[in-house]
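Here the structure comes first, spelled out in structure tokens, and everything after it is commentary.
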Amino acid sequence: MTTVAPARPVLRAGCDMHAMVFRGPGLRFEHIAVPDVALHQGEVLVSVELATVCGSDLHTVDGARHADVPLVLGHEQVGRVVALGPGKAPRTVDGRPLTVGARVVWGVAVDCGRCRTCRLGYPQKCASLRKYGHERMRRGWELSGGFASHVQLLARTPVVIVPDDLPATVLAPASCATATVMAALAAASAVRPLEGAIVAVSGAGMLGLTAIAAARSRGATVVAADPDPGRRADALAFGATAVCDGSAEGWRSALRGVRHGYAVALELSGSPRAVETLLPLGDVGAALILVGSAFPAGTVPLDPERIVRGLTTVRGVHNYAPEHLLEAVRFLEGADHGAFAGLVGSVHPLDAVDVALEAARTHASPRTGLSPA
Ligand SMILES: [Zn+2]
Ligand SMILES: [Zn+2]
1047 MTTVAPARPV LRAGCDMHAM VFRGPGLRFE HIAVPDVALH QGEVLVSVEL ATVCGSDLHT
1107 VDGARHADVP LVLGHEQVGR VVALGPGKAP RTVDGRPLTV GARVVWGVAV DCGRCRTCRL
1167 GYPQKCASLR KYGHERMRRG WELSGGFASH VQLLARTPVV IVPDDLPATV LAPASCATAT
1227 VMAALAAASA VRPLEGAIVA VSGAGMLGLT AIAAARSRGA TVVAADPDPG RRADALAFGA
1287 TAVCDGSAEG WRSALRGVRH GYAVALELSG SPRAVETLLP LGDVGAALIL VGSAFPAGTV
1347 PLDPERIVRG LTTVRGVHNY APEHLLEAVR FLEGADHGAF AGLVGSVHPL DAVDVALEAA
1407 RTHASPRTGL SPA
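So for the sequence shown, our numbering puts the first residue at 1047; every next one is plus one.
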């Protein structure tokens, strides 16, 4: 029999815990104070050092994506452990016990570990999945997103300790953009080894640039597409060998000299046209990994004979498993820190979240920062 230690309230009033609450599209965020937090066994309180605005935060704010409100947005951030719940300290993804003072990133989702989908090996699709920055605020879990001074991490949250000397701007996107790219590359390399492969990357925003650098670091040659010329320039800077605008002619010209077509394509833009364009451009046995189509955007015509004769694998990747967060941090540790830090444009005070979202909306940089300090 296991005994559950009672929750204990920590950091009572005076410790200034607060969050910016999203109340619905078109409404201003509301600043709320959270006077105390009761941590249960396995839970962790983290002070947020820096959060970054993900594209899905923007979709929610702009009403393109439904969300139950009130809600504390934000699921890309880095912070420091300030308190642990009672009982045994929770362990990180790689088995290290968490201690107060550890600098950490944490996964966007918490699974139950017991339901059918968890047992099938898809914890990211758990039947009772809880996601930071995605759920209606409730009493006892007010600090549930990164647009806050602190976040209350639930038991079973995947946590990874990160080095003190890595810039927060490099680390904050680990829990969404970088880990998702790691999951996409894992899905691809289960079909085709990346070493020596031609990898096509569709979309050169935060995920695309990360994917280019990560595929390069695994020995691939990368061809990338984005309709935006500025992003194409970024793609070249992050290691793409050739770039194009994403049209069929563009891809054909960018892949000129590649005799058999791509071995792996990562579709990160979510454009149905991009999916349709990429499908016939693969080598025999190619893997087309769909990541961007996480919102309704229409359907595409499909030639099943092409898939059969091409021995093509089409695979969807949504969210990621805890090990991908660890891989994300390892990748960022070894990456070009200056280049990745440069992907976060302006950094705004937490209270100016409306201004930060406006800056994010211009897409001047792949990410915009929010700092509670
Ligand atoms: Zn995200
Ligand atoms: Zn589950």
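Where is the CB? At the ideal position from N, CA and C, for every residue including glycine.
Output yes or no for whether 9 Å exceeds the beta carbon distance between residue i and residue j.
i: alanine 1271; j: alanine 1257; result: no
i: valine 1094; j: glutamate 1188; result: no
i: serine 1293; j: threonine 1323; result: yes
i: leucine 1325; j: aspartate 1349; result: yes
i: proline 1132; j: leucine 1200; result: no
i: threonine 1224; j: valine 1156; result: no
i: arginine 1264; j: glutamate 1241; result: yes
i: alanine 1229; j: tyrosine 1366; result: yes
i: alanine 1261; j: leucine 1312; result: yes
i: glutamate 1076; j: proline 1116; result: yes
i: leucine 1255; j: aspartate 1280; result: yes
i: valine 1346; j: valine 1208; result: no
i: valine 1151; j: alanine 1374; result: yes
i: alanine 1097; j: leucine 1416; result: yes
i: proline 1120; j: glycine 1186; result: The sequence given here has glycine at residue 1120, not proline. Result no, Cβ atoms of glycine 1120 and glycine 1186 do not sit closer than 9 Å.
i: tryptophan 1297; j: valine 1269; result: yes
i: glutamate 1284; j: alanine 1259; result: Position check: residue 1284 holds phenylalanine in this sequence, whereas glutamate was assumed. Yes, they are a contact pair.
Quick check on residue i: buried or exposed, where buried means 16 or more other Cβ atoms within 10 Å of its Cβ?
i: glutamate 1404; result: exposed
i: histidine 1112; result: exposed
i: alanine 1173; result: exposed
i: glycine 1141; result: exposed
i: threonine 1414; result: buried
i: leucine 1073; result: exposed
i: leucine 1071; result: Contrary to the premise, residue 1071 reads as proline rather than leucine in this sequence. The residue is exposed, with fewer than 16 neighbouring Cβ atoms inside 10 Å.
i: leucine 1357; result: exposed
i: alanine 1234; result: buried
i: histidine 1394; result: buried
i: phenylalanine 1341; result: exposed
i: proline 1275; result: exposed
i: alanine 1419; result: exposed
i: alanine 1059; result: Unreliable placement is indicated for alanine 1059, whose pLDDT of 45 sits below 50; the coordinate value is still reported in the next sentence. That one is exposed.
i: threonine 1049; result: Bear in mind that a pLDDT of 45 at threonine 1049, under 50, signals an unreliable position, so the number given afterwards is only what the model happens to contain. Under this definition threonine 1049 is an exposed residue.
Compare the C-alpha of residue i against each of the options and name the closest.
i: valine 1146; options: Arg1074, His1394, Leu1091 and Ile1078; result: Leu1091
i: histidine 1409; options: Val1099, Ala1135 and His1086; result: Val1099
i: glycine 1388; options: Ala1214, Ala1243 and Arg1355; result: Ala1214
i: alanine 1232; options: Leu1378, Pro1143, Val1304 and Glu1369; result: Glu1369
i: valine 1216; options: Ala1406, Ala1367 and Val1390; result: Val1390
i: alanine 1110; options: Ala1343, Ala1173 and Pro1081; result: Ala1343
i: aspartate 1329; options: Arg1319, Val1346, Thr1359 and Glu1373; result: Thr1359
i: alanine 1194; options: Ile1207, Gly1179, Ala1243 and Arg1184; result: Gly1179
i: threonine 1267; options: Pro1275, Pro1273, Leu1282 and Asp1274; result: Leu1282
i: isoleucine 1353; options: Val1245, Arg1142, Ala1320 and Leu1327; result: Leu1327
i: arginine 1319; options: Pro1273, Thr1226 and Gly1285; result: Pro1273
i: leucine 1144; options: Cys1158, His1383 and Val1128; result: Val1128
i: serine 1411; options: Pro1136, Ser1317, Gly1356 and Gly1101; result: Gly1101
i: tyrosine 1308; options: Glu1295, Val1401, Ser1221 and Arg1238; result: Arg1238
i: serine 1221; options: Glu1122, Phe1386 and Ala1385; result: Glu1122
i: leucine 1301; options: Val1245, Glu1181 and Arg1376; result: Val1245
i: lysine 1134; options: Gln1087, Lys1171 and Cys1161; result: Gln1087
i: serine 1392; options: Ala1402, Ala1385, Phe1386 and Gly1167; result: Ala1402
i: glutamine 1198; options: Ala1398, His1383, Arg1361 and Leu1130; result: Leu1130
On the premise that residue j lies in contact with residue i, defined as a C-beta separation below 8 Å, what is that separation, rounded to the nearest angstrom?
i: histidine 1196; j: methionine 1066; result: Going by Cβ atoms, the distance from histidine 1196 to methionine 1066 rounds to 12 Å, so no, they are not a contact pair.
i: arginine 1126; j: arginine 1149; result: 5 Å
i: serine 1248; j: serine 1339; result: Not quite, the Cβ-Cβ distance comes to about 11 Å (not below 8 Å), so this is no contact.
i: lysine 1177; j: valine 1154; result: 6 Å
i: valine 1337; j: leucine 1253; result: 7 Å
i: leucine 1212; j: alanine 1406; result: Not really, about 23 Å apart at Cβ, beyond 8 Å.
i: valine 1118; j: serine 1190; result: 5 Å
i: valine 1139; j: leucine 1371; result: 6 Å
i: arginine 1182; j: aspartate 1114; result: 4 Å
i: valine 1310; j: alanine 1332; result: 7 Å
Check whether the Cβ of residue i lies closer than 9 Å to any Cβ atom in chain D.
i: glutamate 1181; result: You won't find chain D in this structure, because it holds only one protein chain.
Exercise. With distances taken from each beta carbon to the nearest heavy atom of ligand 1, which residues come in below 5 Å, in chain order?
Worked result: Cys1100, Ser1102 and Cys1222
Exercise. Got a list of residues with beta-carbon closer than 5 Å to any non-hydrogen atom of ligand 2, in chain order?
Worked result: Asp1157, Cys1158, Cys1161, Cys1164 and Cys1172
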